[in-house]
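Report on the structure given below.
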Amino acid sequence: MHRMRDDEALVTVTTFETELEASLARGALEAIGIPALVPGETRGSFKGLYGGIGLGRSELKVFESDRERALVELQRMQMRIVEPDDESN
69 MHRMRDDEAL VTVTTFETEL EASLARGALE AIGIPALVPG ETRGSFKGLY GGIGLGRSEL
129 KVFESDRERA LVELQRMQMR IVEPDDESN
């Protein structure tokens, strides 16, 4: 269970080409203790794979204090990423 961080902003770490890729990265980060979020994610469903919902860019967000560690881990995992359009999110 992740501790609540009501006073900390979520920031976009990177963008993936598909929701599936973003979901895999979210799971990998969470497995090493970095809470992550994919806004609009269809968790627990195959809609993203077969219904067309998973197509298009998907953001991966983390708490601001986890940003640098998340970037290092994503690079270490050699995830295929796309730079976010606006890094201020």
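Just remember that the working numbering sits 68 ahead of the position in the sequence shown, which is counted from 1. All residues carry an ideal CB built from backbone N, CA and C; glycine is no exception.
Of the candidates 99, 137, 127, 136, 127 places its Cα closest to the Cα of residue 84. Shown here, residue 85 sits in a strand according to DSSP, grouped into three states. Going by C-alpha positions, residue 100 is about 12 angstroms away from residue 145. For the 9 angstroms CB-CB criterion, residue 90 and residue 109 form a contact. Measuring C-alpha to C-alpha distances from residue 107 to each of 87, 74, 136 identifies 87 as the nearest.
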